[in-house]
Amino acid sequence: MVIHAYAAQDPEAAPEPFEIEPGPLPPTHVEIAVEVCGLCHSDVHILRNHWRNTEYPVVCGHEAVGEIVALGDAVEGSSVGDRVGVGWQNGACLRCEACLNGDENLCDESRATARRQEGGFANRMRADHRFVHPIPDALSSAGAAPLLCAGATVFSPLEVYDVRPSMRVGVIGIGGLGHLAIRFAHAWGCEVTAFSTSPDKEDEARRLGADRFVVTRDESALKPLRGTLDFIVSTIHANVDFTPYVMALRPHGTLCFVGAPSEPITLHAGLLLGRSRRLAGSLIAPRARMRRMLEFAARHGIEAEVETMPMEAIGDALARLEANRARYRIVLRP
Ligand code: NAP
Ligand code: ZN
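What follows is the structure in structure tokens.
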């Protein structure tokens, strides 16, 4: 059996067809016939070697949904024919304190789906059955695939940082993560403010559940919001001045980073201590929260807004995402 995948050979090239001879199926793994796989900006960071640790050739793709077609000998609780999803994480030690706490997303030995030649930009992929998630019947495969990374990442802080329905939430950057952050925070019961550099996203953001839309190209746009928000999630990878966002927080408010700018951020500490404000971060979601997120999404009809493209057009998809033209997540079909 040969897996037909798309691999990047260097930081400049678009992924090209690439054949993988996967060998015997590991006992803990399932094999999945990929139906659809989202293109996340983390794939861009890996493909372009932004994090300086990409090993080429690399097969990315960590928002995959498909059908189980084979089971390793030690697999329990999954069956051939199950519709499942695989996200960023595809393994952990399951022994360390973080894992035993149910924080296996924070395990030092966490294994990332998109780092080697195991990703979902392929017709088949293999994943540890303990990191494979059943997709609720109420969700379409294309609309659910981006929930496996983008959805999990923006849902998780709502639970971890105790965001309550009475709170006012801000979302910085209305892309793959940000558009789902609006949907989840709205369904959570919060008042939602969207911060965007793209004025043409306003109607869509309001339709997704934003109560307010602020175009951030004008530096003065955030002034009226000073001291008004309880929780802000930043999904952007760009290096911007976060001072106006911190100033938009109420006392005890939190600015939570899920997108990682490449440069260190600079802030006046007085902005934090004067109002007991907090800076925080969040990384994907552990498995139990992933399941709750999928159940919550099914209950509230939360799916990603997707543009579907054939997998052979992955180069065009990558260019579209890098130019900030994706609305709002591109998903690829093999
Ligand atoms: P995306 O779809 O490209 O969305 C990012 C958004 O950032 C864009 O849509 C745009 O929104 C905004 N933006 C782009 N350039 C900007 C600029 N120069 N200044 C200000 N805003 C800008 O990316 P994504 O897939 O949502 O991923 C976003 C980030 O989250 C990536 O860095 C990714 O690696 C990271 N991530 C983290 C986790 C985690 O576990 N923490 C998980 C997944 C992804 P507007 O047009 O509205 O301004
Ligand atoms: Zn991702």
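Here the numbering used here is used: the first residue of the sequence shown is 3, the next is one more, and so on. Where a beta carbon is used, it is the ideal one built from N, C-alpha and C, also for glycine.
### Three or more C-beta pairs below 8 Å linking the region 278-288 and the region 117-129
Too few Cβ pairs lie closer than 8 Å, so no.
### Message
Any heavy atom of ligand 1 inside 7 Å of the beta-carbon of His239?
### Response
yes
### Query
Considering only C-alpha positions, which residue in the set Val242, Arg252 and Arg294 is nearest to Leu269?
Val242
### Query
Taking C-beta to C-beta, are Trp90 and Cys151 nearer than 8 Å?
It is a contact, given that the beta carbons lie within the stated cut-off.
### Message
Between Thr256 and ligand 1, is there a pair consisting of the residue's CB and a ligand heavy atom that are separated by less than 7 Å?
### Response
no
### Query
What does a CB cutoff of less than 7 Å around Ala319 pick up in its chain, not counting 5 residues either side in sequence?
Leu41, Met311, Ile332 and Leu334
#### Entry: Stretch pair the region 164-184 + the region 112-123: three plus CB contacts closer than 8 Å
no
### Query
Sorry if obvious, but does the Cβ on Trp53 come closer than 7 Å to a heavy atom of ligand 2?
With a cutoff of 7 Å, Trp53 does not count as near ligand 2, since its C-beta is closer than that to no heavy atom of the ligand.
### Query
Would you call the CB atoms of Val82 and Val71 closer than 8 Å?
yes
### Query
Hey, is Thr155 close to ligand 1, as in C-beta under 7 Å from one of its heavy atoms?
yes
### Task
Please confirm whether Gly145 and Glu297 have their CB atoms less than 8 Å apart.
no
### Task
Throw me the rounded Cβ distance for the Gly175 and Gly261 pair, which I believe falls under 8 Å.
6 Å
### Task
Check whether the Cβ atoms of Gly317 and Pro17 sit closer than 8 Å, and answer yes or no.
yes
### Task
Under 5 Å from any heavy atom of ligand 2, by CB: list those residues in chain order, please.
Cys42, Ser44 and Cys151
### Query
In the structure shown, what three-state DSSP assignment does Ile137 receive?
coil
### Message
Taking 7 Å as the cut-off, is the beta-carbon of Thr56 closer than that to any non-hydrogen atom of ligand 1?
### Response
no
### C-beta atoms of Val36 and Val86 nearer than 8 Å
Contact flag unset, no.
#### Entry: Counted within 10 angstroms of its Cβ, other Cβ atoms place Arg166 as buried (16 or more) or exposed
exposed
### Query
From what residue to what residue does the alpha helix (DSSP H) around Gly153 run?
Looking at the DSSP string, the run of the alpha helix (DSSP H) that includes Gly153 is Ala152 to Val162.
### Query
Can Arg279 and Leu251 be called in contact, C-beta distance under 8 Å?
yes
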